[in-house]
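Novice: Okay, so the sequence shown: first residue is 384 according to our numbering, each after it adds one.
For each residue, glycine too, the CB sits at the ideal point set by N, CA and C.
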Amino acid sequence: MSEFVINVSDYISTMCYSVLRLEPYTSCENKCLYCYGRWYWTTNEVKPRFFILKLFRRIAEELSSKKLMMPFRLATLSEPLQDIEKKVKISYGLMEIAMKYKMPIILSTKSTLITKEPWHSLILRLSDENLILVQMTLVTLDTELFKKIEPRAPPPEERINALETLASEGVPIAVRLQPLIPGYSDEADVVESMIRQVSASGVRHVILEYLRATKDDLMRLSYIIKNMKMNVWTSYSIAEEGLLKPSLRYRINKLREVRSICEKYKVRLFTCKEGLFHLDSYGDCCGIYMMRNIMLRPTLREVWRVVMKRGRMSISEVVKELGGDYMFGEKLSPLPRIIRKPMRNHEKRLIKCISDGARLRRITPLLKVDKGYLMAQPVDPSSAISQG
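1. Note the first and the last residue of the continuous alpha helix (DSSP H) segment covering tyrosine 394.
2. Should aspartate 569 be labelled buried (16 or more other beta-carbon atoms within 10 Å of its own) or exposed?
3. I need the boundaries of the alpha helix (DSSP H) containing lysine 530, first residue and last residue.
4. Give me the Cα-Cα distance between methionine 758 and arginine 642, rounded to the nearest whole angstrom.
5. Let me know the secondary structure DSSP gives arginine 456 once reduced to three states.
6. DSSP on arginine 535, reduced to helix/strand/coil?
7. Is phenylalanine 434 helix, strand or coil when you go by DSSP?
8. Taking Cβ positions, are leucine 516 and methionine 691 nearer each other than 8 Å?
9. Taking only three categories from DSSP, how would you classify leucine 750?
10. Rounding to the nearest angstrom, what Cα-Cα distance links serine 410 and leucine 416 in this structure?
11. How about methionine 398 and lysine 637: do their beta carbons lie closer than 8 Å?
12. If I'm right that glutamine 561 touches threonine 520 with Cβ under 8 Å, what's the distance once you round it to whole angstroms?
13. When you compare only the Cα positions, how much space is there between serine 630 and proline 565?
14. Would DSSP call lysine 628 helix, strand or coil?
15. Please classify methionine 486: does DSSP put it in a helix, a strand, or coil?
16. Is it buried or exposed for phenylalanine 433, if we count other Cβ within 10 angstroms and need 16 for buried?
17. Starting from the C-beta of isoleucine 467, find all residues in its chain whose C-beta is less than 6 Å away, skip the five residues before and the five after it, and write them out in chain order.
18. If you compare alpha carbons, which of Gly553, Ser504 and Leu601 is closest to cysteine 418?
19. Which residues bound the alpha helix (DSSP H) around histidine 729?
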């Protein structure tokens, strides 16, 4: 596992504009029932990773000297502003380094520390320099359900209040409504209630991602969420590793409903790792466009757009097109080795996935490979069976 780069996988390597990360803590105190981080933690004990400060300073200094403005995710495996942060302030220290060396930060959080000092003032300073995007996660507005599935996270109403504060101060914000839970949080009345509150808080960018879970996870959640649908699940992992997700047909139909709700409230909708780019607003799914002049890697979204525009293309033609303004090919050469090598591995996996028809079908229904050529294809949910 690379310290600064998310692990290579068919979904991450093909869908994520930024795979750089900062992990300030070994685990997470929030203990959310649906958490993906527990699949990767080596311990459940929350400890500060003090060494990351020195390592990030070194990397940030080198990237800054080369004017390589690439966003780091803070964090991907734990809450960066959990309670221990109040004492040791590692995430604060990482953001201070980012401020000094002009490194963009994607702050992924459920915490209300974003409006408390000293974090609040630092976030505002980073925002003034177009160096931060705050992503706040919301799963439910139901106080009783929240206590059961996110027992140690701040209440949803406090998160909404924090969003409203930052939005009023001009901080770029995206809300992650995830995981979407079939039969509960993807029902029209629940979604509309959440979108309405998000819009009222001043946020205009929403990211949706359906729950990924094992059979055991689903059973545990079904005891708590009584109307959760149990008959819509299919294999998520290309390697058939036991992870499940709602079927393609189900997701398309539900996400179309959500898109209509977002349009009603003038909120931009983006999906995360769903492969359903035709349902998204224009831009990158994370909302990195709100920081401006940031260097990103290309994704399948760009592949789909260029094939939609140009028509049938050879794999080599597509790969050539991916260079452009993105961090791809020789543009990775100036990167520090500690991130250059794993980023090249992500690039190789992206190319592998657009060259392999079977893999590509599992990742997105919008593209297909035919005799070495890539083609776009429409999706009819009534016959959408390639992903379940």
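Specialist: So, from the listed chains and residues:
1. Taking the first residue of the sequence shown as 1, we reach residue 394 at position 11. In this chain, the alpha helix (DSSP H) harbouring tyrosine 394 covers 393–398.
2. Looking up residue 569 in the sequence shown gives position 186. Buried is the call here.
3. For the purposes of this step, residue 530 is identified with residue 147 of the sequence shown, where counting begins at 1. Lysine 530 -> alpha helix (DSSP H) spans 526–532.
4. Looking up residue 758 in the sequence shown gives position 375. Looking up residue 642 in the sequence shown gives position 259. In a straight line, the C-alpha of methionine 758 is about 25 Å away from that of arginine 642.
5. Within the sequence shown, the letter at position 73 stands for residue 456. Reduced to three states, the DSSP call for arginine 456 is strand.
6. Taking the first residue of the sequence shown as 1, we reach residue 535 at position 152. Look at arginine 535 here: in three-state DSSP terms it is coil, with no helix or strand label.
7. For the purposes of this step, residue 434 is taken as residue 51 along the sequence shown, with counting starting at 1. Helix.
8. Position 133 of the sequence shown, counted from the first residue, corresponds to residue 516. Position 308 of the sequence shown, counted from the first residue, corresponds to residue 691. By the CB criterion at 8 Å, leucine 516 and methionine 691 fall outside the cutoff.
9. Working through the sequence shown from its first residue, we reach residue 750 at position 367. Leucine 750 sits in a strand when the DSSP states are folded into three classes.
10. For the purposes of this step, residue 410 is taken as residue 27 along the sequence shown, with counting starting at 1. For the purposes of this step, residue 416 is taken as residue 33 along the sequence shown, with counting starting at 1. Serine 410 and leucine 416: Cα-Cα distance of roughly 14 Å.
11. Position 15 of the sequence shown, counted from the first residue, corresponds to residue 398. Position 254 of the sequence shown, counted from the first residue, corresponds to residue 637. Result no, Cβ atoms of methionine 398 and lysine 637 do not sit closer than 8 Å.
12. Position 178 of the sequence shown, counted from the first residue, corresponds to residue 561. Position 137 of the sequence shown, counted from the first residue, corresponds to residue 520. Approximately 6 Å separates the beta-carbon atoms of glutamine 561 and threonine 520; this is inside 8 Å, confirming the contact.
13. The residue you call residue 630 lines up with position 247 of the sequence shown. The residue you call residue 565 lines up with position 182 of the sequence shown. Cα to Cα, the separation comes out at about 10 Å.
14. Position 245 of the sequence shown holds residue 628. Strand, per DSSP.
15. Numbered from 1 along the sequence shown, position 103 holds the residue referred to as residue 486. Here methionine 486 carries a coil assignment [DSSP, helix/strand/coil].
16. Your numbering for residue 433 matches position 50 in the sequence shown. It is exposed - the Cβ of phenylalanine 433 has fewer than 16 other Cβ atoms within 10 Å.
17. Here residue 467 corresponds to residue number 84 of the sequence shown, with the count starting at 1. Around isoleucine 467: Val429.
18. By 1-based counting over the sequence shown, the position of residue 418 is 35. Considering only alpha carbons, the answer is Leu601.
19. Here residue 729 is taken as the residue at index 346 of the sequence shown, counted from 1. Its alpha helix (DSSP H) spans residues 720–738.
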